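Asks:
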Amino acid sequence: MGETPRLVATDIDGTLIRDDRTVSPRTAEVLTRVTAGGTPVVLVTGRPIRWLKLVYDQLAEPLPAICANGAVVYDPFNDEVLRADPLAPELLAEVARRLRAEVPGVSFAVEITDSRQMRHEAHYPLRWDADHDAIRVVDSPEELLAMPAVKLLARAGEQDPDAFVQLVAAALGNLAEATHSSYSGLVEISAAGVTKAAGLAWYCARLGVDARDVLAFGDMPNDVPMLTWAGRAVAVANAHRAVLEIAHDVAPANSEDGVAAYLEKIFDVG
Numbered sequence: 519m520g521e522t523p524r525l526v527a528t529d530i531d532g533t534l535i536r537d538d539r540t541v542s543p544r545t546a547e548v549l550t551r552v553t554a555g556g557t558p559v560v561l562v563t564g565r566p567i568r569w570l571k572l573v574y575d576q577l578a579e580p581l582p583a584i585c586a587n588g589a590v591v592y593d594p595f596n597d598e599v600l601r602a603d604p605l606a607p608e609l610l611a612e613v614a615r616r617l618r619a620e621v622p623g624v625s626f627a628v629e630i631t632d633s634r635q636m637r638h639e640a641h642y643p644l645r646w647d648a649d650h651d652a653i654r655v656v657d658s659p660e661e662l663l664a665m666p667a668v669k670l671l672a673r674a675g676e677q678d679p680d681a682f683v684q685l686v687a688a689a690l691g692n693l694a695e696a697t698h699s700s701y702s703g704l705v706e707i708s709a710a711g712v713t714k715a716a717g718l719a720w721y722c723a724r725l726g727v728d729a730r731d732v733l734a735f736g737d738m739p740n741d742v743p744m745l746t747w748a749g750r751a752v753a754v755a756n757a758h759r760a761v762l763e764i765a766h767d768v769a770p771a772n773s774e775d776g777v778a779a780y781l782e783k784i785f786d787v788g
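The structure is reproduced here in structure tokens:
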């Protein structure tokens, strides 16, 4: 890519924000300066739409977001979903059937209505989603799989996350995409071909931006497709080894405002 990227794409958790889920004043200021200079900044995240407000409240203005690992492209200014690529109910049913056969004790949740709502089985453990209006337990497995879902979430107690995602991916074959973005044994499943790279590529095509002109930041395996697609891939120092292996460059850790520090140098906005 050239000296100055035409678009900046960044993951949120473990990358842009600190471990306490805050956007530092330094980071917020740098993002404001980069966008004010005419370079779009896009959030590319596994998060659902309903979790974006926690970040937007800490920024001068909201940023466009590619949510649910690429399944949803969101315009916060108009509160509009520009594109969604969900798993159809019949596909959800087949994915669930395969995983129940292969993974003892597996439990599921689904992100529905473009990730504005979640439905989950009674024994699925919720970690930090407190929006009770949007979250509801289902009465039956059939109800869980009755609506298109932009993401299926699978847990089976405490699991090694890398081994667990390999097990799930093997069970699914080419039926759907399986990845992970945490160390808690959660596998995130999307429709075949739906990745952060695919969502970002669609968004960049709308803007007329080529992959080679994109600067992307990430920290976890679900970021790998985006980072391999982008012209310049930057891992934060705390990143998963799979990300560090493919990154062109390494920024300081998220706890040290790594994204902001890197952007300050690239855009001379420090």
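According to the working numbering, the sequence shown holds residues 519 to 788 in order.
We put the CB at the ideal spot given by N, CA and C, even for glycine.
Note that the structure is a prediction, hence the values are computed from the model and not measured.
#1: Using the Cα positions of V686 and V573, report the straight-line distance between them to the nearest angstrom.
#2: Residues in the same chain with beta-carbon distance under 7 Å from Q576, minus the five sequence neighbours each way, listed in chain order, please.
#3: Output the distance between the C-alpha atoms of C585 and V560, rounded to the nearest integer angstrom.
#4: Is it the case that the region 769–776 contacts the region 608–628, given that we only count it when at least three CB pairs across the two stretches are under 8 Å?
#5: Please determine if the region 610–617 and the region 657–664 are in contact, where contact requires at least 3 C-beta pairs separated by less than 8 Å.
#6: Using CA coordinates, which residue listed in E706, D680, M744 and T522 is at the minimum distance from P604?
#7: So, for V754: in the same chain, excluding its five sequence neighbours on each side, which residues have a beta-carbon less than 6 Å away from its beta-carbon?
#8: Quick check: L671 and Y642, are their CB atoms within less than 9 Å of each other?
#9: For G749, which residues in the same chain have their Cβ closer than 8 Å to its Cβ, ignoring the five residues on either side in sequence?
#10: Hey, Q677 and R654: beta-carbon distance below 9 Å or not?
#11: Look up A593 in the DSSP assignment and give the residues it is bridged to.
#12: Ends of the alpha helix (DSSP H) at D680?
#13: Measuring alpha carbon to alpha carbon, tell me which of L725, L693, A723 and P679 ends up nearest A760.
#14: Bridge partners of V752, per DSSP?
#15: Out of P666, V668 and R673, which one is the CA nearest neighbour of L644?
#16: Using beta-carbon positions only, say whether L570 and P543 come within less than 9 Å of one another.
#17: Determine which residues share a DSSP beta bridge with S625 and list them.
#18: Please report the distance separating the alpha-carbon of L718 from that of L725.
#19: Classify A719 as helix, strand or coil using the three-state DSSP reduction.
#20: Apply the 10 Å Cβ neighbour rule to S625 and answer buried if 16 or more other Cβ atoms are within range, or exposed otherwise.
#21: Can you pull the DSSP bridge partners for R637?
#22: Out of A554, L745 and V628, state which residue places its alpha-carbon closest to the alpha-carbon of A716.
#23: Using DSSP with H/G/I as helix, E/B as strand and the rest coil, what is L581?
#24: Within 10 angstroms of its Cβ, does S699 collect 16 or more other Cβ (buried), or is it exposed?
#25: Considering only DSSP beta bridges, list what A709 is partnered with.
#26: From Y701 to V683, what does the alpha carbon distance come to, in whole angstroms?
#27: Of all the options E579, A723, R565 and P582, which has the alpha carbon lying nearest to the alpha carbon of I630?
Replies: In terms of the structure at hand:
#1: As a position in the sequence shown, residue 686 is number 168, starting the count at 1. As a position in the sequence shown, residue 573 is number 55, starting the count at 1. Their backbone Cα atoms lie some 31 Å apart in a straight line.
#2: Taking the first residue of the sequence shown as 1, we reach residue 576 at position 58. For Q576, where only same-chain residues beyond five positions count, the Cβ hits under 7 Å are T540, V541 and A546.
#3: Residue mapping note: residue 585 aligns to position 67 of the sequence shown, counting from 1. Residue mapping note: residue 560 aligns to position 42 of the sequence shown, counting from 1. Each residue's Cα considered, the two are about 10 Å apart.
#4: no
#5: yes
#6: Translated into the one-based positions of the sequence shown, residue 604 becomes position 86. When only C-alpha atoms are compared, the closest one is E706.
#7: Along the sequence shown, one-based indexing puts residue 754 at 236. Excluding positions up to five away in sequence, the list reads T533, D737, A769, A771, N772 and G776.
#8: Within the sequence shown, numbered from 1, the residue matching residue 671 stands at position 153. Within the sequence shown, numbered from 1, the residue matching residue 642 stands at position 124. Closer than 9 Å, so yes.
#9: Numbered from its first residue, the sequence shown carries residue 749 at position 231. Within the same chain, G749 has close Cβ partners M519, P523, D728, A729, R730, D731, V732 and L733.
#10: Your numbering for residue 677 matches position 159 in the sequence shown. Your numbering for residue 654 matches position 136 in the sequence shown. The answer is no: Cβ separation not under 9 Å.
#11: Along the sequence shown, one-based indexing puts residue 593 at 75. Correcting the residue type first, residue 593 is Asp in the shown sequence and not Ala. DSSP output for D593 lists E598 as bridge partner(s).
#12: Taking the first residue of the sequence shown as position 1, residue 680 is located at position 162. Counting along the chain, the alpha helix (DSSP H) containing D680 begins and ends at P679 to L690.
#13: Within the sequence shown, the letter at position 242 stands for residue 760. A760 has its Cα closest to that of P679, out of L725, L693, A723 and P679.
#14: Translated into positions along the sequence shown, residue 752 becomes position 234. F735 and D767.
#15: The residue labelled residue 644 in the question sits at position 126 within the sequence shown. Per the Cα distances, R673.
#16: Within the sequence shown, residue 570 is the residue found at index 52, counting from 1. Within the sequence shown, residue 543 is the residue found at index 25, counting from 1. No, they are not a contact pair.
#17: As a first step, residue 625 is located in the sequence shown; it is residue number 107 there, counting from the start. Bridge partners of S625: R673.
#18: The residue labelled residue 718 in the question sits at position 200 within the sequence shown. The residue labelled residue 725 in the question sits at position 207 within the sequence shown. In a straight line, the C-alpha of L718 is about 11 Å away from that of L725.
#19: Counted from its first residue, the sequence shown places residue 719 at position 201. Three-state DSSP puts A719 in a helix.
#20: Taking the first residue of the sequence shown as 1, we reach residue 625 at position 107. The residue in question, S625, is buried, as its Cβ has 16 or more Cβ neighbours within 10 Å.
#21: Residue mapping note: residue 637 aligns to position 119 of the sequence shown, counting from 1. Partner(s): V628 and R654.
#22: As a first step, residue 716 must be located in the sequence shown, where it is residue number 198. Minimum Cα distance to A716 is reached at L745.
#23: As a first step, residue 581 is located in the sequence shown; it is residue number 63 there, counting from the start. It is coil, neither helix nor strand.
#24: To locate residue 699, count along the sequence shown from 1; it is residue 181. Burial call: buried.
#25: Indexing the sequence shown from 1 puts residue 709 at position 191. Paired residues: A694.
#26: Position 183 of the sequence shown holds residue 701. Position 165 of the sequence shown holds residue 683. Straight-line Cα distance between these residues: approximately 11 Å.
#27: Walking along the sequence shown from the start, residue 630 turns up at place 112. The shortest Cα separation from I630 among E579, A723, R565 and P582 belongs to R565.
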